[in-house]
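A.B. asks: A single structure is presented below for examination.
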Amino acid sequence: MKKSLLVSLFASGIIASGQNFISEDIAYPPVKGINDAGAWAPYSQTASKVANLGITIGNGGNAYGIMFDAKTYLWVHPSLNVAGMVYRSTPSITNDVSTGSLRYGFSTNKGLSWNINQGPLWNPTPSTEVARYPQGGLFNPAGNSNPDSVYVVFFAPVLDNSNSNWGGIVVGSSRASDNANLNTTRFSSFTPDASFAVQVPNDFYVNNPQQKVFGIAEKRIGTAYDDTLVLTVGTWNNTSKSFTWTNQYLHCPMGMDSNGTKQIADAKIAFGPDGQVGYIGIIGYSGDTNFSPVQAFHPLYMKTTNGGQTWTGPFPINLQTLQYSHGLTGSVLGSMQAYGTANGWTINHISTAFNIDVVVDANNNPHFGVNINPAAVSTLTSSGGSGSPFSIYSAFNFAVDIYSPNGGSTWSAIFMDTISFFRGLYGSGANLAEDNRIQLSRSENGEYIVMTWGDTDFDLWGSPSGGNVFPDVKARGFRVQGNNITLYPIKNFMDQDLNYKGAGHQHCLSHFLIDSTSAAIPKLRVPVVVQEYQNGDIANDLLPVTYKYFNFEYTWTATSTNEFFNSLSNLRIFPNPSNRGPVQVIFENSEAGYYQLEITDITGKIIQSSSLGFVGEGIQRTQVNTADLASGVYLINVRGNSGIATQRMIVR
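This is the structure:
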């Protein structure tokens, strides 16, 4: 299925008239369920390498194993200190039949060291049995406290041609420490169950408290959605040391576009700490004009209170009336419209982008991680253009946690960040689309939640021709205490070392965090895997890749809310050094108000000063001219009512 998409390579800001802005609207089609690439025209864009800074946990036969949206690839079981990941094989290393074979990496010490390329879990001889996009997790049988007795469990699509090129699913499990008790099960579309018809699945979840695992996929006849979500459920049998697999069918109708095509973009599943309450988060189109007044995507959800035995829904969530509870104030639509008005755009409705992630917190309340953007079909850009149904403009791109404080009765939004880039185009043909991969992770007790996303540093890379192709892994977390949420600062994990700036390719976040604590200075370890391309070149999509594991640290000091608050952050200057020409100044502000830009020498003496006028919240961009400045070192300050941001500038 293809959905048209209009994107901008970076977010435009709101600054008073008279300043210089750029707002691009370039069309890229999102692609879902891609086969491996064939031959493409030459394309090369070399990024810095992850090198030896991450821990190697395995090798993939090519880059496709974890591309095209974040799913359940990495899994950490914090209470047993184990981590694992299922991936496609590299035959030159493992001697397996093909890259459609499956192996895994496993750690028993929080990811400090790994047994890599274990298995195989799946090593089929017929070409119609090869696996792709393997998802997996770690399962702990009831009563076990031995890390070596944990099981790896997996869920992968198979190219068996029973439903277009796809149609097959392989599921199975094995004791992770020695690949013992390997057990696999195969499903094919239409046979033997005519209700089972899938292509590439959406998500996978290990519900350890209930001793079950859940895979989820959209039922599709060919590429046409059939108003059904398919849950492939594994129930643990402790006698046979394996899972019994069944398929469960959830009626999940979606509205149609003008061509009669049912519109659904994504579905993800997660359960709360007790394993009883669970949610399926959906990006789709209800067709109900009370919730979707124009043809644009919006979130919906389904809910269970009995461990997944029965589900209710789908229930739509109204983006157009959604209000911020944290991070920003007012309505989500209103903040987007303020951006638009200041930049000559008319934004009438908002839309999610095309992917979602789900966690359930300590109170059994759902959190849906999404991009929110202008709905292109009802937006007029500054050039007077508008887009097609079910497309977005990414010139204004918010990372948002949509959550309910009461189990789905009401909904609010937590503003996490404004993202500069949206889509990156990978591969030798520069046409393998990868978006921000917004993901959510929680502590085992659901008290702490962290969101991650991938965004390219404009100050370091400028505006690459492929868009968001040098992403850093950025994060923001919060704490849930009763009915209160404490929001913490944004952190760029890849600022720690220039050797892996921009190398967060296809980052995969574990559903669970490590080392969460309720101490005065909380510390969270955020497990992430990225893939390293050969020679660091993202054009090498068909060559073997290396998976690198990081335990990123997300910490903050015990400070008051006021001490945290500075409405200005992330001031960037480009180019820097300047050759006495125009310099782009980009900054981020979390509070609307009047702002001032200053250029000073290193003693603090003001050389130039100008008012930016009234500025709305988010990422802003303006321009200064350095033609009249002598060679030397200067400071650029952006001042507001609630803070100041400063960056050094060199003029040659």
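This note's numbering numbers the first residue of the sequence shown as 180 and each following residue consecutively. Cβ atoms here follow ideal geometry from the backbone N, Cα and C, with glycine treated the same way. These figures come from a predicted structure and were not determined experimentally.
What does DSSP give as the partner residue(s) for Trp640 in the beta ladder?
C.D. replies: Looking at the DSSP assignment, Trp640 forms no beta bridge with any residue, so it has no partner.
A.B. asks: In whole angstroms, give me the CA-to-CA distance for Ile535 and Leu498.
C.D. replies: Cα to Cα, the separation comes out at about 14 Å.
A.B. asks: Distance, Cα to Cα, Gly457 vs Asp540?
C.D. replies: So the two alpha carbons sit approximately 10 Å from each other.
A.B. asks: Is Gly608 close to chain B, meaning its C-beta is less than 7 Å from at least one C-beta of that chain?
C.D. replies: Absence of chain B from the displayed structure is noted, only one protein chain being present.
A.B. asks: Round the Cβ separation of Leu639 and Gly603 to the nearest angstrom and send it over; I've been treating them as touching at under 8 Å.
C.D. replies: At roughly 15 Å, the Cβ-Cβ gap does not stay under 8 Å, so Leu639 and Gly603 are not in contact.
A.B. asks: Taking DSSP as the reference, what is the three-state secondary structure of Ile201?
C.D. replies: Caution is warranted here: a pLDDT of 27 is assigned to Ile201, below 50, making its placement in the model unreliable, and the coordinate value is therefore given only provisionally. Coil.
A.B. asks: State the Cα-Cα distance for the pair Phe334 and Val349, rounded to the nearest angstrom.
C.D. replies: Cα to Cα, Phe334 sits roughly 6 Å from Val349.
A.B. asks: Just to confirm the assignment: which complete beta strand (DSSP E) runs, minimum length 3, are found wholly within the stretch 646-720?
C.D. replies: Counting whole runs of 3 or more residues, the stretch 646-720 contains the beta strand (DSSP E) stretches 650-660, 663-671, 702-711.
A.B. asks: Use the C-beta contact count for Asn804: other C-beta atoms within 10 angstroms, 16 or more gives buried, fewer gives exposed.
C.D. replies: Flag for Asn804 reads exposed.
A.B. asks: How is Asn816 classed by DSSP in three states: helix, strand or coil?
C.D. replies: Of the three classes helix, strand and coil, the one that applies to Asn816 here is strand, per DSSP.
A.B. asks: Check whether the Cβ atoms of Thr531 and Phe476 lie closer than 7 Å to each other.
C.D. replies: Going by C-beta atoms, Thr531 is nearer than 7 Å to Phe476.
A.B. asks: Could you tell me the distance, in whole angstroms, from the CA atom of Lys181 to the CA atom of Ala446?
C.D. replies: Note that Lys181 has pLDDT 31, beneath the 50 cutoff, so the model's placement of it is unreliable and the number below is only indicative. Looking at the two C-alpha atoms, the distance is approximately 16 Å.
A.B. asks: Taking the alpha-carbon positions, what's the Phe637 to Ser599 distance?
C.D. replies: Cα-Cα distance, rounded: 8 Å.
A.B. asks: Cutting at 8 Å between CB atoms, please list the residues of its own chain near Ser437, excluding the five before and the five after it.
C.D. replies: Closer than 8 Å at Cβ, skipping near neighbours: Gln474, Pro568.
A.B. asks: So for Asn319, helix, strand or coil by DSSP?
C.D. replies: Note: Asn319 maps to coil in three-state DSSP.
A.B. asks: For the beta strand (DSSP E) holding Gln799, just list the boundary residues, first then last.
C.D. replies: Segment 797-804, the beta strand (DSSP E) holding Gln799.
A.B. asks: Between the Cα of Ser258 and those of Pro270, Gly240, Pro452, spot the shortest distance and give me the residue it belongs to.
C.D. replies: Comparing Cα-Cα distances from Ser258 to each of Pro270, Gly240, Pro452, the minimum goes to Pro452.
A.B. asks: Starting from Val537, trace the beta strand (DSSP E) in both directions and tell me its first and last residue.
C.D. replies: Per DSSP, Val537 belongs to the beta strand (DSSP E) from 536-539.
A.B. asks: Please go through the same chain and pick out, in chain order, the residues whose beta-carbon is closer than 7 Å to the beta-carbon of Thr665, but skip the five residues on each side of it.
C.D. replies: Closer than 7 Å at Cβ, skipping near neighbours: Phe657, Arg658.
A.B. asks: Take Gln713 and list the residues in its own chain whose beta-carbon comes closer than 6 Å to its own, dropping the five residues that flank it on each side.
C.D. replies: Same-chain partners within the cutoff: Asn719, Leu722.
A.B. asks: Would you mind reading off the limits of the beta strand (DSSP E) that contains Met264?
C.D. replies: From DSSP, the beta strand (DSSP E) with Met264 extends over 261-267.
A.B. asks: Using DSSP with H/G/I as helix, E/B as strand and the rest coil, what is Gln516?
C.D. replies: The answer is helix: DSSP assigns Gln516 an H, G or I state.
A.B. asks: Report back the beta-carbon spacing between Gln314 and Tyr252 to the nearest angstrom; my notes put them in contact at under 8 Å.
C.D. replies: At roughly 6 Å, the Cβ-Cβ gap stays under 8 Å, so Gln314 and Tyr252 are in contact.
A.B. asks: Could you tell me which residues DSSP pairs with Asn550 in its beta bridges?
C.D. replies: In the DSSP output, where bridge partners are listed per residue, Asn550 has Ala578.
A.B. asks: Using 8 Å as the Cβ pair cut-off and three pairs as the minimum, do the stretch 702-713 and the stretch 758-775 touch?
C.D. replies: No, because fewer than three Cβ pairs between the stretch 702-713 and the stretch 758-775 fall closer than 8 Å, the two stretches do not touch.
A.B. asks: Would you call the CB atoms of Ser565 and Asn552 closer than 7 Å?
C.D. replies: No, these two residues do not count as a Cβ contact at 7 Å.
A.B. asks: Tell me the rounded alpha-carbon separation between Val261 and Asn319.
C.D. replies: Distance between the alpha carbons of Val261 and Asn319 is about 10 Å.
A.B. asks: Where does Tyr312 sit, in a helix, a strand or coil, going by DSSP?
C.D. replies: Reduced to three states, the DSSP call for Tyr312 is coil.
A.B. asks: Below 8 Å on the Cβ atoms is my guess for Asn624 versus Tyr582; work out the distance and round it to an integer in Å.
C.D. replies: That pair is no contact at about 17 Å.
A.B. asks: Measuring alpha carbon to alpha carbon, tell me which residue in Gln488, Thr363, Thr411 is nearest Val377.
C.D. replies: Closest by alpha carbon: Thr411.
A.B. asks: Just to confirm my understanding: we take Gly244, look at its own chain, exclude 5 residues before and 5 after, and list those with CB closer than 6 Å. What are they?
C.D. replies: The residues are Tyr266, Arg267.
A.B. asks: Taking the alpha carbon of Asn417 as the reference point, which residue from Gly233, Met595, Val329, Glu308 has its own alpha carbon closest?
C.D. replies: Ranking Gly233, Met595, Val329, Glu308 by Cα distance to Asn417 puts Val329 first.
A.B. asks: State yes or no: is the C-beta of Glu767 within less than 7 Å of the C-beta of Leu507?
C.D. replies: Cβ atoms of Glu767 and Leu507: not closer than 7 Å.
A.B. asks: Quick one: Cα of Ser562 to Cα of Phe533, how far?
C.D. replies: Taking the straight line from one Cα to the other gives about 25 Å.
A.B. asks: Give me whichever residues DSSP pairs with Tyr627 in a beta bridge.
C.D. replies: Arg658, per the DSSP bridge assignment.
A.B. asks: State buried or exposed for Asn325, treating a residue as buried only when at least 16 other CB atoms are found within 10 Å of its CB.
C.D. replies: Exposed.
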